[in-house]
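Sequence lines, in order, name chains H and G. If you're matching positions, the first sequence starts at 20 in our numbering and goes up one per residue. If you're matching positions, the second sequence starts at 100 in our numbering and goes up one per residue. Built from N, CA and C at the ideal position, the CB exists for glycine as well. Only one structure is covered here, and it is reproduced in the block below.
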Amino acid sequence: METSNNSTWTEICSVKDLTPNGGTCAQFNDQQVAIFLCKRSDNVYAIANFDPFGEANVLSRGLMGSTEEITYVASPLLKQRFNLATGECLDSEVHKLKTFDVRVENEQVLLKEAS
Amino acid sequence: MSKQRIIVVGNGMVGHKFIDSIITDDSVDYEVITFSEESRLAYDRVQLSYFFSGKTAEDLALTDETYYQENGINFVLSDKVVELDFANKQVITASGRVEAYDKLVLATGSFPFVPPIPGNDQEHCHVYRTIDDLEAITESGQKSKVGVVIGGGLLGLEAGNALVNLGLETHIVEFAPRLMAVQLDEGGGALLRRKIEDLGVNVHTGKATTEIVAGETCRYRMNFADGSFLETDTIIFSAGIRPQDELARSSGLTIGERGGIVIDNHCQTSVEDVYAIGECALWENFIFGLVAPGYQMAKVAAAHIKGDSGLAFTGADMSTKLKLLGVDVASIGEVHGKTPGAQSYTYNDEIEQVYKRLTVSADGKKVIGAVLVGDVDAYGSLLQLMLNDMDLPANPSVLILPSSGDEESAGLGVDALPDTAAICSCFDVSKGDIKEAVAAGCTSMGELKASTKAATGCGGCSALAKQVLDSELANLGFEVKKDICEHFAYSRQELADIIRVKKIKNFDALLTECGQGLGCEICKPAVGNILASYWNEYILEDAHIELQDTNDIYLGNMQKDGTYSVVPRIAGGEVTPDGLIAIGQVAKEFDLYTKITGGARVDLFGAQLHELPAIWEKLVDAGFETGHAYGKSLRTVKSCVGSTWCRYGVKNSIGFAIELENRYKGLRSPHKVKFGVSGCTRECAEAQGKDFGLIATDKGWNLFVAGNGGMRPRHGDLFASDLTDEQVRTYIDRIYMFYIRTADRLQRTSVWLENMEGGVEYLREVVINDSLNINAELETEMESNIGNYQCEWKTTIQSPEKLKRFKHYVNSEEVDTGLKFKVEREQRFPLLKDEIKITELV
Ligand code: SRM
Ligand SMILES: Cc1cc2nc3c(=O)[nH]c(=O)nc-3n(C[C@H](O)[C@H](O)[C@H](O)COP(=O)(O)OP(=O)(O)OC[C@H]3O[C@@H](n4cnc5c(N)ncnc54)[C@H](O)[C@@H]3O)c2cc1C
Ligand code: SF4
Ligand code: FES
């Protein structure tokens, strides 16, 4: 498998493979990353796929939503919400998820460890 | 200054209320000790009969030891106070304990009166007052076939209900010429009797029991003064109560002529620093056998001890509203027409079995009393008119006549009530209190109950309390807030109307039309569900995917470890051997945990996302369809074999169940919907516990609606009887669609119907008489839904595009290595996180 160091962008998939207004799970540097595509704001987000409450790799299958200006995903298990931009949990101060840098270039989705 | 020491003798409902009133204020100033002869702290005696429908002693408890400990209340259980020594200001208990007091409060309640009939003290003769009594009755019931209640008053009828619930042949024997002689007039008593007899309870009035001797066919024989007799295995005495004043009497307190500890307006007895409250107290020659006046006394005594003599006990209203043996009964004020010049209006409907009598003052302006049997809707209004001394409308008869569809006519606008109007008598909550609660931010019944306790006692006031709450909210300009979430300022019903009328087909269009932001986990699934209900498009269309919640989004129920369950439809529970084998083969091949569900079909657990398409391909090949176990939609139609096999069956329940399941399968609704179809009255399919239940009779089907199992079980209401198959389909089409249109999100039919003004009668008006003129529309919508059915799994496995989403990683064929399993009872289960840690340690 192609390895990448912290500063390089890795190609993941075509933007067409992403679930519109929802999440998609990708493998990146031996980690599970949940990538979210918001078509309404044209933003892409990437956070860890592991739900620390339910202790399962499921966040990519959660519902995307917003409250005021924050865009979040609600876990499909017990509905805790995580800020997609920062990884912070909106329902508990204990958990904060790892985030990744993500961008779309020539219709390709690229991931990089957060700088 | 040392703390004042208060002793409370008796820890019943009122004794506890007193302690609670002391605690809520500066309990630090007082040291409280309470003694109880019973083995448990105060419990809700009013709800005692619920013990027979499954409530436990804990459920009935009004408090617990921790609460008392935390608030510094000392308590001594199972120890009776046997002596009051006023000279030394101390009490002495049966176990020899001596405690000193500064203030003494007697709350010893009352005891059931057992008439001095020879033979009344035998093993299976009971009274009905404490949890211990009910335990003894249950035990007797198990060894008995026939039971008798002596006494046909309020409590006697409750006790009768208990015997019915225990499965005994039940008799009620009353000395007076009618039931509930204290509360009801002759007409009301006669109707009540008829209703109770219809329930299979035998009523014997005008019978004086002379002795209880050994029986021939049963354990005992009761001989009556008129020479007749009745045989029974067990007897409950419910012949009234007597104040428990023995202790006070022997200690020298002033006692009334016919019993009861004499108190003044501050609940003080004849001895200084000694108070009496509750059912043991006699105020102006009255004993109050209800809890609300007792609570009032508790508050007065507590205030007086704290030095506030402004509060006084001034008597109480004895109006009651009850559901006895399933019959609604209410009595208000004076019933027997003793007031000079009083006139009355009577409404007597022998067909519907409703009796109402309204007594008004000589000038026709005020309510003096009322008796209601069979229909007690008017109770709240009439009671308020009387308590607040309000003027009657010009034609008082409208108050008891059945409403002619024009709801306003019979009701009394709650706005007209003064602030002092008592809304909840159990917890002494006035209209003013509710206003205050609303002003402090309370906007729902739940919040109102939490903040004022209104409607949490006997529950009789809940409808009225809700009316006051709503009208207060409206008066304050609050829109009673129904917004589904921050993205849409509409209720689910309004959103459904917008979607239906404007023919909105997707979420983007709806957001543009009337929403803001990106949506959320509340509105998205709700909208997805409404869109599916009306347009029934494939739910994994690109435009709809984002709306699907946890289960719908991958057409399976997500389990705790992120795997899925697989539930093929097994309509009516009927499955061929080949079908079962096919399911078994799939389960075996994919190593899925297999279980027969509570819904009478098979569930396969532990499928990983990437396995779902292959699993369903095999199941679809074998002729199965999705069971929609994941959808807010029709789940199962449970059936019994009915007339095809069962020797009692009168109709083909299994055939009809399968037909109905196929008719409504796939239809999305505000919450899941379940049916049951039973082939005869033995009801093996538990149809009355389902949203729609059908029970075969020799004349057709009886249709029940709005049953529920789950968190708050509810028996369905009988909607219509003796229907043809065609009528059943038509009525269900209409009700189901009406539910889809008007219910709130995640509202089962049970709660929907309970919240519907007018209840099942209103629903009948809409569905049978087309009072809203919408039936044609409802039927068309249902038809189009039925026409649009597709098996979502079949559609999915035929679409390579859609199948792309069914893999763990978008960029790799690897699977989720985070999943761990273990084997138990020869099947595979998820290995939980802490179990994993232990294995790692080893
Ligand atoms: C599998 C099953 C239990 C079993 O092992 O037997 C089950 C399992 C679940 N039930 Fe159930 N219920 C199952 C029969 C029932 C029944 C019995 C029945 O249908 O006769 C009831 C009571 C009847 C009723 O609904 O009125 C029942 C009342 C509930 C409730 C409470 C509903 C309520 O109104 O209070 C929930 C929670 C909810 O829906 O909000 C629930 C929710 C659930 C969920 C969906 C919980 C969840 O969100 O994950 C469970 C997941 C199912 C799965 O993974 O496949 N389940 N559940 C049964 C599947 C029946 C089927 O073949 O589809
Ligand atoms: C089945 C049933 C249904 C009812 N339904 C209703 C209803 O719908 N509405 C309504 O308003 N009322 C109803 N009531 C009446 C209501 O329960 C009573 O009004 C209320 O319980 C009175 O409270 P209390 O504290 O005065 O007496 P109790 O609750 O009887 O408490 C007295 C306590 O003192 C104890 N005690 C007595 N003497 C001593 C002693 N010497 N030393 C230590 N402890 C002692 C007793 O054991 C008892 O525990 C019902 C009663 C019953 C039995
Ligand atoms: S009762 Fe609770 S734990 Fe059991 S299946 Fe139903 S929802 Fe799950
Ligand atoms: S009147 Fe009994 S709960 Fe309100």
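{"Item": "Looking only at DSSP bridge pairs, what is P667 of chain G linked to?", "Value": "G:T725"}
{"Item": "Runs of 4 residues minimum, wholly inside the stretch 387 to 450 of chain G: which ones carry the alpha helix (DSSP H) assignment?", "Value": "390 to 404"}
{"Item": "Please tell me whether, using a cut-off of 7 Å, the distance from the CB of M489 of chain G to the nearest non-hydrogen atom of ligand 2 is below it.", "Value": "no"}
{"Item": "Just to check, is the beta-carbon of A721 of chain G closer than 7 Å to a non-hydrogen atom of ligand 1?", "Value": "no"}
{"Item": "By the 8 Å beta-carbon criterion, what residues does the stretch 649 to 662 of chain G contribute toward chain H?", "Value": "T649, I652, Y653, M657, K659, D660, G661"}
{"Item": "Alpha carbon to alpha carbon, how far is A554 of chain G from A156 of chain G? Give it in angstroms, no decimals.", "Value": "21 Å"}
{"Item": "Out of G:A289, G:V302, G:G286, G:G288, state which residue places its alpha-carbon closest to the alpha-carbon of G259 of chain G.", "Value": "G:V302"}
{"Item": "Is the beta carbon of V530 of chain G sitting closer than 8 Å to the one on L516 of chain G?", "Value": "Checking the sequence shown, residue 530 of chain G turns out to be Lys, not Val. Cβ atoms of K530 of chain G and L516 of chain G: closer than 8 Å."}
{"Item": "Please list, in chain order, all residues of the same chain as I404 of chain G whose beta carbon is under 6 Å from its beta carbon, the five residues on each side excluded.", "Value": "K202"}
{"Item": "Please specify which runs of the alpha helix (DSSP H), each continuous and at least 4 residues long, are wholly inside the stretch 307 to 340 of chain G, giving them in chain order.", "Value": "none"}
{"Item": "Tell me where the beta strand (DSSP E) around N301 of chain G begins and ends.", "Value": "301 to 303"}
{"Item": "Within the continuous beta strand (DSSP E) that includes S820 of chain G, where are the two ends?", "Value": "816 to 822"}
{"Item": "So, is the C-beta of P71 of chain H closer than 8 Å to a C-beta in chain G?", "Value": "no"}
{"Item": "Can you look up E164 of chain G in the DSSP assignment and give me helix, strand or coil?", "Value": "helix"}
{"Item": "Got a sec: is the Cβ-Cβ distance from S664 of chain G to anything in chain H below 8 Å?", "Value": "no"}
{"Item": "In chain order, what residues of the same chain have a beta carbon less than 8 Å from the beta carbon of E30 of chain H, not counting five sequence neighbours either side?", "Value": "Q127, V128, L129"}
{"Item": "If you reduce the DSSP assignment to three classes, tell me which class L471 of chain G lands in.", "Value": "strand"}
{"Item": "Is any beta-carbon of chain G found at less than 8 Å from that of N40 of chain H?", "Value": "yes"}
{"Item": "Under 8 Å, Cβ to Cβ, is there at least one residue of chain H near G730 of chain G?", "Value": "no"}
{"Item": "Check the Cβ-Cβ distances between I644 of chain G and every residue of chain H, and say whether any is below 8 Å.", "Value": "yes"}
{"Item": "Taking the beta carbon of R80 of chain H as the centre, do at least 16 other beta carbons fall within 10 Å, making it buried, or is it exposed?", "Value": "buried"}
{"Item": "Which value, in whole angstroms, describes the spacing of the CA atoms of I118 of chain G and G246 of chain G?", "Value": "39 Å"}
{"Item": "Given the structure, does A206 of chain G come close to ligand 2, in the sense that its CB is under 7 Å from one of the ligand's heavy atoms?", "Value": "yes"}
{"Item": "Please classify F150 of chain G as buried or exposed, where buried requires at least 16 other C-beta atoms within 10 Å of its C-beta.", "Value": "buried"}
{"Item": "Relative to the C-alpha of I431 of chain G, which residue among G:F791, G:T413, G:G409, G:K455 is closest?", "Value": "G:K455"}
{"Item": "Thinking just about the alpha-carbon of each residue, which of G:R833, G:I831, G:N854, G:D832 is nearest to the one in A842 of chain G?", "Value": "G:N854"}
{"Item": "Would you mind working out which of H:D70, H:L78, H:T27 sits nearest C44 of chain H, comparing C-alpha positions?", "Value": "H:L78"}
{"Item": "Thinking just about the alpha-carbon of each residue, which of G:P676, G:C613, G:K565 is nearest to the one in D582 of chain G?", "Value": "G:C613"}
{"Item": "So, for E507 of chain G: in the same chain, excluding its five sequence neighbours on each side, which residues have a beta-carbon less than 8 Å away from its beta-carbon?", "Value": "Low confidence applies here, because E507 of chain G scores a pLDDT of 38, under 50, leaving its location unreliable and the question unanswered by this model."}
{"Item": "8 Å is my cut-off, CB to CB: does G705 of chain G come that close to chain H?", "Value": "no"}
{"Item": "I'd like the list of long-range same chain contacts for K179 of chain G, defined as Cβ closer than 6 Å, with 5 residues on each side in sequence excluded.", "Value": "E136, A193"}
{"Item": "Is the beta carbon of M417 of chain G within less than 7 Å of some heavy atom of ligand 2?", "Value": "no"}
{"Item": "What is the DSSP secondary structure of F704 of chain G, reduced to helix, strand or coil?", "Value": "strand"}
{"Item": "Output yes or no for whether 8 Å exceeds the beta carbon distance between E640 of chain G and K623 of chain G.", "Value": "no"}
{"Item": "Can the beta-carbon of S222 of chain G be found closer than 8 Å to that of K244 of chain G?", "Value": "Note on residue identity: the sequence assigns Glu, not Ser, to residue 222 of chain G. Going by C-beta atoms, E222 of chain G is not nearer than 8 Å to K244 of chain G."}
{"Item": "Keeping to the same chain, check which residues put their C-beta closer than 8 Å to that of V175 of chain G; ignore five residues upstream and five downstream.", "Value": "I132, T133, F134, S135, T192, R196"}
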